[in-house]
Amino acid sequence: TRTTSQTRMIKQLLAVLLLCKCQADAFTTSPTVRVMSERAPTRLKGIKMPLRMSGGEAGDPKGGAHFGFLGMGIMGIPMAKNLIKAGYSVTVWNRTPDRCLPLVECGALQASSPAEVVKECDITFAMLADPQAAKDVVYGTSEFQGVLTEMREGKAYVDVSTVSDDCSKQIAASILDKGGRFLEAPVSGSKKPAEDGTLIFLCAGDQSLYKEVTPALDAMGKKSVFLGEVGAGAKMKLVVNMIMTSMLTAFSEGMALASSAGLQISDLLDVVDSGAIASPMFKLKGPLMDQGKYDPAFPLKHARKDINLALLLASQHDLDLPVSAAASQQYLKAEAKGAADLDFSAVHQNYQESGKTELRNK
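Quick note on the working numbering: the sequence shown kicks off at 13 and runs consecutively.
Below you can see the structure in the form of structure tokens.
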């Protein structure tokens, strides 16, 4: 005889298999890209996906949650995929529509504007490149209607982008003016943690919204912290990234000095990894830097943007940060030489032999 637990699990598996079959049938009878304005979201009557196959119950209301996600970049794509893997329905948008295709192939719906996403979804996440992109998506441009067009009571906006605290406060005020709720939740982590679902969310703003979206954050990350009022999350992220970018610059200089002094980089990496300054970042980036491999996990242009925002924050508090200021100049130099879209570890190429200016990206 089957136990209640076994019966429940069988029902869950049958629900998943039926949903997969329906999605497969949809892809064989309709265009590859499903746009919301052309077709309403497909739902299976009587079946709700479980929040997680390993937990939650079939029929759990959370399993039917429908989130919006704006920004299909290096971070946005894997984050949205992890929401889908956790059993959530997701509607996506990106300024370049083709970037949404990997999510559509996983079962997401694609919207034609940020406004359309907010109209369809009660809670919308956004992962945008910089403060200007974050504002464009909220306020709209001549190309598309922004979030505020459909923001109203009952809607919520969770911005996981890295922006200044002033930018975050401005967006929050605009969302609240429309009757919506706002949470900032910038992430610590790059492409691989986003893919693995091991990001760290630095949250601030509406605490009730934070508690409400914690299961979704858990699907995308390994930890989330609530830091208080809007702006605290943005500030924490800038401090963390300032430390990280300055550390990597010092590490790069150490590698350059070791090489110039006739030491083996493999020996340096072994010594560093065995001592007090051991770092997962050094262990991961060091061998790649030595080989001149800079596939972007965290683009250098974003690292330069973040450290500059941190220095701006420091200036607002009359704080002089000469080490970080010097590191910022190295990222600016590397970007000027063509490394903007390479990984931020490409700052190491500033220390190549004299006269070599062409950047490698093997």
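Idealized CB from N, CA, C, for every residue including glycine.
Asked                                                                                                                                                                     : Found
Let me check understanding here. Comparing Cα to Cα, which of 278, 311, 216 and 98 lies closest to residue 302?                                                           : 278
Can you say whether residue 256 is buried or exposed, counting buried as having 16 or more other CB atoms within 10 angstroms of its CB?                                  : buried
Apart from the five residues just before and just after residue 271, which ones in its own chain have a Cβ nearer than 8 Å to its Cβ?                                     : 277
For residue 195, which residues in the same chain have their Cβ closer than 8 Å to its Cβ, ignoring the five residues on either side in sequence?                         : 168, 169, 170, 171, 215, 216, 217, 218, 221, 222 and 225
Could you check if residue 329 is buried or exposed, using at least 16 other CB atoms within 10 Å of its CB as the buried criterion?                                      : exposed
Since I believe residue 155 is in contact with residue 130 (beta carbons under 8 Å), could you give me their beta-carbon distance rounded to a whole number of angstroms? : In fact, because the Cβ distance is near 17 Å, the residues do not count as touching under 8 Å.
With H, G and I counted as helix, E and B as strand and the rest as coil, what does DSSP make of residue 177?                                                             : helix
Determine whether the beta carbon atoms of residue 333 and residue 323 lie at a separation below 8 Å.                                                                     : yes
Which residues share a DSSP beta bridge with residue 193?                                                                                                                 : 168
Would you grab the beta carbon distance between residue 260 and residue 297 for me? Rounded to a whole angstrom, and I think it's under 8 Å.                              : 7 Å
Restricting to runs no shorter than 4 residues, where is the alpha helix (DSSP H) found entirely within the region 269 to 348?                                            : 277 to 286, 292 to 303, 312 to 328 and 334 to 346
Measuring only the C-alpha atoms, how far is residue 252 from residue 242?                                                                                                : 17 Å
Mind listing, in chain order, the continuous alpha helix (DSSP H) runs of no fewer than 4 residues lying wholly within the region 89 to 157?                              : 113 to 116, 126 to 132 and 143 to 151
My output table needs one value for residue 239: the three-state DSSP class, helix, strand or coil.                                                                       : coil
DSSP state of residue 214, grouped into three classes?                                                                                                                    : strand
Over what stretch of residues does the beta strand (DSSP E) that includes residue 229 continue unbroken?                                                                  : First-last for residue 229: 219 to 232, but that is the alpha helix (DSSP H), not the beta strand (DSSP E).
What residues in its chain sit with their C-beta under 7 Å from that of residue 335, if we drop five residues either side in the sequence?                                : 258
Going along the chain, which residues of its own chain have a beta-carbon closer than 6 Å to the beta-carbon of residue 142, five neighbours each way excluded?           : 317
In the DSSP assignment, find the unbroken beta strand (DSSP E) run with residue 356 in it and report its ends.                                                            : That residue, residue 356, is in no beta strand (DSSP E); it is neither H nor E in DSSP.
Check residue 264 in the structure and name its three-state DSSP category.                                                                                                : helix
Quick check on this structure: which residue in 212, 363, 305 and 181 has the alpha carbon closest to the alpha carbon of residue 342?                                    : 363
Mark residue 80 as exposed unless 16 or more other C-beta atoms lie within 10 angstroms of its C-beta, in which case mark it buried.                                      : buried
From what residue to what residue does the beta strand (DSSP E) around residue 82 run?                                                                                    : 78 to 82
To which residues does DSSP link residue 252 through a beta bridge?                                                                                                       : Its beta-bridge partners do not exist; DSSP assigns none.
Where does residue 200 fall in DSSP's three states?                                                                                                                       : strand
Using CA coordinates, which residue listed in 127, 140 and 124 is at the minimum distance from residue 91?                                                                : 140
Do residue 356 and residue 310 have their CB atoms nearer than 8 Å?                                                                                                       : yes
Taking DSSP as the reference, what is the three-state secondary structure of residue 209?                                                                                 : coil
Which word fits residue 165, buried or exposed, when buried means at least 16 other C-beta atoms lie within 10 angstroms of its C-beta?                                   : exposed
On a CA-only basis, which of 249, 245, 207 and 248 is nearest residue 232? Give me that one, please.                                                                      : 207
Would you call the CB atoms of residue 146 and residue 183 closer than 8 Å?                                                                                               : yes
Given that a residue counts as buried once 16 or more other Cβ atoms are within 10 Å of its Cβ, and exposed if not, what is residue 235?                                  : exposed
Rounded to whole angstroms, what's the CA-CA distance from residue 197 to residue 288? Just pull it up for me.                                                            : 31 Å
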